[in-house]
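The structure appears right after this line, and notes come after that.
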Amino acid sequence: MTPDKQPWHSHLAADLPAALVVFLVALPLCLGIALASGAPLLSGLFAGFVGGLVVGALSGSSVSVSGPAAGLTVVVAAGITELGAYSVFILAVVLAGALQLGFGLLRAGTVAHFVPVSVVHGMLAAIGCILVLKQIPHALGYDLDFEGDESFATEGGGNTFSDILLAIQNADLGAFIIFVAALAALLVWQKVGKKLVGSWMPPALVAVLVGAATNVIFKHYAPDLHLTDASHLVAIPDLSGLYGILFALPFPDFSRLGDPVVWRIAATIAVIASVESLLSIGASDKLDPFHRITPTDRELKAQGAGNIVSGLLGGLPITAVIVRSSANIDAGARTRMSAVLHGVLLLLSVLVLAPILNHIPLSALAAVLIIMGLKLASLRVFHEQFQRGKAQFVPFCVTLAAILLTDLLVGVAIGVLVGIYFVIRSNFKSAIVVAHEGDEYLIRFAKDVSFLNKPSLLRAFSAIPNGATVLIDGTRAQFIDHDIVDAIDDFLVSARARNITVELRRSATSLNVHFKQEAAA
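Residue 98 in this note's numbering sits at position 98 of the sequence shown, with consecutive numbering throughout.
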């Protein structure tokens with residue numbers, strides 16, 4: 001019996017530590033994505049706890065985690081600017097959620113099943129590489145780029161690799177020492193922690209605690225290394241309890257409900273968020289150690305409900321996010337309670353925990369994310385894909401490179417196109433089988449043949465010598481295209497002039513037209 005079929009509390013020992021890890025990963029990402037989107041910082045946290053509490057409760061996925069996504073930052077920033085007010089933009093978020101509910105009712109979730117497995121694995125490896133590359137500057141204390149950025153190009157004409165070079169040139173020694181201390185603590189605790197205290201103290205939490213403690217030590221004994229700048233630390237706005245939360249963000253401006261621009265932006269958000277959620281869900285299912293399959297239509301409905309609630313509260317749009325989902329799985333989550341509990345922790349961070357959490361250095365979190373990225377893009381993953389052959393390895397590599405150099409959706413689209421090419425190429429090779437012994441030739445249609453197979457068939461005919469005996473076997477094909485039939489008709493005519501004897505075998509359903517009787521005579 002899988003864990004989700006058992007009482008939720010029976011797996012709390014695994015789900016609660018996993019929720020802590022996801023919370024630590026999600027916290028700076030929510031803030032960073034809000035900052036990059038030009039939205040209020042709290043809007044990212046609101047979207048985060050709604051993604052946990054609402055989507056986590058309604059989703060059919062046991063391991064996926066939802067929240068604000070880096071892939072939507074450009075859309076959000078442009079939408080806020082075009083609509084002129086954040087209150088109007090969150091109306092578009094509410095409408096986007098309603099559209100996603102419609103997608104789920106129309107069963108549009110089946111789109112996810114058309115993404116090849118090699119592309120999904122390429123996407124996971126690309127996310128791993130992005131995590132490692134994007135966290136190197138944070139590990140060195142170069143925190144000018146927002147936490148959670150996934151794009152290759154950066155502001156000011158730079159890119160991922162130029163940012164790493166700048167980070168090396170402008171490294172902060174204190175931040176780097178904190179990173180090393182957190183990384184060492186994480187690796188050591190992975191080896192001995194479970195034996196000492198079980199799974200209640202996850203390695204990621206130990207790394208963060210050690211990183212924060214190291215910065216406190218610097219404050220008292222090495223002031224030059226102490227990180228005091230807010231840009232190097234988690235920065236949660238401090239609110240005055242529940243009353244402050246209720247009025248911290250604006251409410252949607254429903255007076256603009258008839259504005260076509262609002263609906264256009266809502267449709268854009270709905271489509272992008274739905275596609276990214278379905279891709280993340282598919283990837284999460286691949287990582288799930290219990291191999292559970294998420295109902296995609298239900299996921300679209302859950303995401304729609306989440307975006308409606310997030311928009312009403314003033315939050316950013318929500319998607320399923322593979323970074324948080326992979327952190328959840330890696331931390332040992334068993335059921336969706338880990339996602340719900342991470343949402344509770346994000347809500348508490350806004351209510352009461354801000355003064356404590358604001359002492360966490362981003363370089364300590366970088367250690368957690370880099371280890372996670374190395375697991376997603378390990379050498380074992382590359383070896384497994386290579387062993388599966390060129391038709392799997394090439395789309396895998398192309399998807400990985402395309403995502404690294406563009407973004408998630410563009411990279412996956414390129415990977416799918418390459419995967420389709422290999423499918424067509426495979427059909428070219430396997431649809432027509434040619435064998436011969438001496439002057440006796442066999443041309444067999446191993447599967448349905450279309451006009452795309454005509455060039456290879458004509459090459460096979462031209463290679464048959466004069467005076468040969470040919471058997472054309474179409475009994476295994478359910479369909480043979482008119483172009484193929486015409487090519488066979490032409491060969492039968494030329495065969496008489498070349499003294500070639502031709503025998504035809506075909507099933508009742510294999511040909512959509514009959515060969516010309518005069519050609520077969």
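Virtual Cβ for every residue (Gly too), placed ideally from N, Cα, C.
Predicted model only: the values in this text are computed from it and were never measured.
Among all the DSSP beta bridges, which residues are the ones paired with Val502?
Mapped onto the sequence shown, residue 502 falls at position 502. For Val502, which the question treats as bridged, DSSP gives the partners Val470.
Rounded distance between the beta-carbons of Ser456 and Ile432, thought under 8 Å
Within the sequence shown, numbered from 1, the residue matching residue 432 stands at position 432. Within the sequence shown, numbered from 1, the residue matching residue 456 stands at position 456. Yes, they are in contact, since the Cβ atoms of Ile432 and Ser456 sit about 6 Å apart, within 8 Å.
Measuring only the C-alpha atoms, how far is Ala520 from Leu504?
Here residue 520 is taken as the residue at index 520 of the sequence shown, counted from 1. Here residue 504 is taken as the residue at index 504 of the sequence shown, counted from 1. At Ala520 the pLDDT is 43, less than 50, meaning the model places this residue with poor confidence and gives no usable figure here.
In chain order, what residues of the same chain have a beta carbon less than 7 Å from the beta carbon of Lys516, not counting five sequence neighbours either side?
Residue mapping note: residue 516 aligns to position 516 of the sequence shown, counting from 1. For Lys516, the predicted structure reports a pLDDT of 46, less than 50, and the residue's modelled location is therefore unreliable. A value from the coordinates is still provided. Correct list, in chain order: Asp489.
Is it a yes or a no for the segment 305-318 touching the segment 107-118, going by three-plus beta-carbon pairs under 8 Å?
no
Less than 6 Å between C-beta atoms, sequence neighbours within five positions excluded: which residues of the same chain meet that for Gly211?
Looking up residue 211 in the sequence shown gives position 211. Excluding positions up to five away in sequence, the list reads Ile178, Ala182, Pro361 and Ala364.
Just to confirm before moving on: does the CB-CB distance between Ala402 and Gly389 stay below 7 Å?
Numbered from its first residue, the sequence shown carries residue 402 at position 402. Numbered from its first residue, the sequence shown carries residue 389 at position 389. In this structure, Gly389 does not lie closer than 7 Å to Ala402 by Cβ.
Taking its Cβ as the centre, do 16 or more other Cβ atoms sit within 10 Å of Lys134, making it buried, or is it exposed?
If you number the sequence shown from 1, residue 134 lands on position 134. Buried: at least 16 other Cβ atoms inside 10 Å.
Can you tell me the Cβ-Cβ gap for Ile318 and Ala47, rounded? I've got them flagged as a contact below 8 Å.
Walking along the sequence shown from the start, residue 318 turns up at place 318. Walking along the sequence shown from the start, residue 47 turns up at place 47. Indeed they touch by this definition, with Cβ atoms about 5 Å apart.
My parser needs the alpha helix (DSSP H) runs of 4 or more residues fully inside the segment 56-139; what are they?
73-83, 86-105 and 117-139
Span of the beta strand (DSSP E) around Arg336:
On the sequence shown, position 336 is the one that residue 336 refers to. That residue, Arg336, is in no beta strand (DSSP E); it is neither H nor E in DSSP.
Where does the unbroken alpha helix (DSSP H) through Arg496 begin, and where does it stop?
Here residue 496 corresponds to residue number 496 of the sequence shown, with the count starting at 1. Note, Arg496: alpha helix (DSSP H), His482 to Ala497.
If you follow the beta strand (DSSP E) that His383 is in, where does it begin and where does it stop?
Numbered from 1 along the sequence shown, position 383 holds the residue referred to as residue 383. First-last for His383: Leu379 to Gln387, but that is the alpha helix (DSSP H), not the beta strand (DSSP E).
Once DSSP output is grouped into helix, strand and coil, what is the label at Asn512?
Position 512 of the sequence shown, counted from the start, is the residue given in the question as residue 512. In this prediction, Asn512 has a pLDDT of 44, which is less than 50 and means its spatial position is unreliable; what the coordinates show is noted afterwards. Of the three classes helix, strand and coil, the one that applies to Asn512 here is coil, per DSSP.
Quick check on Ala26: does DSSP put it in helix, strand or coil?
Here residue 26 corresponds to residue number 26 of the sequence shown, with the count starting at 1. Residue state, collapsed to three classes: helix.
Just to confirm before moving on: does the CB-CB distance between Ala366 and His138 stay below 7 Å?
Within the sequence shown, numbered from 1, the residue matching residue 366 stands at position 366. Within the sequence shown, numbered from 1, the residue matching residue 138 stands at position 138. Contact flag set, yes.
Looking at the structure shown, is Glu150 part of a helix, part of a strand, or coil, going by DSSP?
The residue labelled residue 150 in the question sits at position 150 within the sequence shown. Three-state result, Glu150: coil.
Name the DSSP bridge partner or partners of Arg444?
Position 444 of the sequence shown, counting from 1, holds the residue named residue 444. Paired residues: Val433 and Asp473.
Cα-Cα separation between Lys5 and Ala273, rounded to whole angstroms
The residue you call residue 5 lines up with position 5 of the sequence shown. The residue you call residue 273 lines up with position 273 of the sequence shown. Roughly 29 Å between the two C-alpha positions.
Quick check: the Cα distance between Asn170 and Phe254, rounded to an integer number of angstroms?
Residue numbering aside, residue 170 sits at position 170 when the sequence shown is read from its first letter. Residue numbering aside, residue 254 sits at position 254 when the sequence shown is read from its first letter. One C-alpha to the other measures close to 47 Å.
According to DSSP, simplified to helix, strand and coil, what is Leu257?
Residue numbering aside, residue 257 sits at position 257 when the sequence shown is read from its first letter. Leu257: coil per DSSP, three-state reduction.
What are the boundary residues of the alpha helix (DSSP H) that includes Phe46?
Residue mapping note: residue 46 aligns to position 46 of the sequence shown, counting from 1. Leu41 to Val50 is the span of the alpha helix (DSSP H), which, as asked, contains Phe46.
What does the alpha-carbon distance come out to for the pair Ala460 and Pro116?
The residue you call residue 460 lines up with position 460 of the sequence shown. The residue you call residue 116 lines up with position 116 of the sequence shown. If you take the alpha carbons of Ala460 and Pro116, they lie about 32 Å apart.
Same chain, Cβ closer than 7 Å to Phe393, five either side skipped, listed in chain order:
For the purposes of this step, residue 393 is identified with residue 393 of the sequence shown, where counting begins at 1. Excluding positions up to five away in sequence, the list reads Gln385 and Phe386.
Where does Asn159 sit, in a helix, a strand or coil, going by DSSP?
Here the question's residue 159 lines up with position 159 in the sequence shown. Reduced to three states, the DSSP call for Asn159 is strand.
Can you name the start and end residues of the alpha helix (DSSP H) that Lys219 belongs to?
As a working note, residue 219 is residue 219 in the sequence shown. Looking at the DSSP string, the run of the alpha helix (DSSP H) that includes Lys219 is Pro203 to Tyr221.
Go through its chain and collect everything with a Cβ distance to Leu16's Cβ below 7 Å, but skip five positions before and after it.
Position 16 of the sequence shown, counting from 1, holds the residue named residue 16. The answer, listed in chain order, is Leu341.
Which listed residue (Pro395, Thr2 and Thr214) has its alpha carbon closest to that of Val119:
Translated into the one-based positions of the sequence shown, residue 119 becomes position 119. Nearest option by C-alpha distance: Pro395.
Considering only their Cβ atoms, is the gap separating Ile308 from Val94 smaller than 7 Å?
To locate residue 94, count along the sequence shown from 1; it is residue 94. To locate residue 308, count along the sequence shown from 1; it is residue 308. Going by C-beta atoms, Val94 is nearer than 7 Å to Ile308.
Would a C-beta distance cut-off of 7 Å place Gly332 and Ala18 closer than the cut-off?
Against the sequence shown, residue 332 aligns to sequence position 332. Against the sequence shown, residue 18 aligns to sequence position 18. Taking 7 Å as the Cβ cut-off, Gly332 and Ala18 qualify as a contacting pair.
Note down the Cα distance separating Ile168 from Ile356, rounded to an integer number of angstroms.
Within the sequence shown, the letter at position 168 stands for residue 168. Within the sequence shown, the letter at position 356 stands for residue 356. If I take the Cα positions, the gap works out to 30 Å.
Closest by CA to Ser277, which one among Ile322, Gly56 and Thr73?
Sequence index remark: in the sequence shown, residue 277 carries index 277 (1-based). Considering only alpha carbons, the answer is Ile322.
Within this structure, are the beta carbons of Leu24 and Gly44 separated by less than 7 Å?
Numbered from 1 along the sequence shown, position 24 holds the residue referred to as residue 24. Numbered from 1 along the sequence shown, position 44 holds the residue referred to as residue 44. No.
Would the segment 286-295 and the segment 57-75 be scored as touching if the rule is three or more Cβ pairs under 8 Å?
yes
Taking the alpha-carbon of Ala98 as reference, which of Ser66, Leu408, Gln303 and Gln190 has the nearest alpha-carbon?
Here residue 98 corresponds to residue number 98 of the sequence shown, with the count starting at 1. Looking at the Cα atoms, Gln303 is the closest of the given residues.
Which value, in whole angstroms, describes the spacing of the CA atoms of Val22 and Leu227?
On the sequence shown, position 22 is the one that residue 22 refers to. On the sequence shown, position 227 is the one that residue 227 refers to. Roughly 24 Å between the two C-alpha positions.
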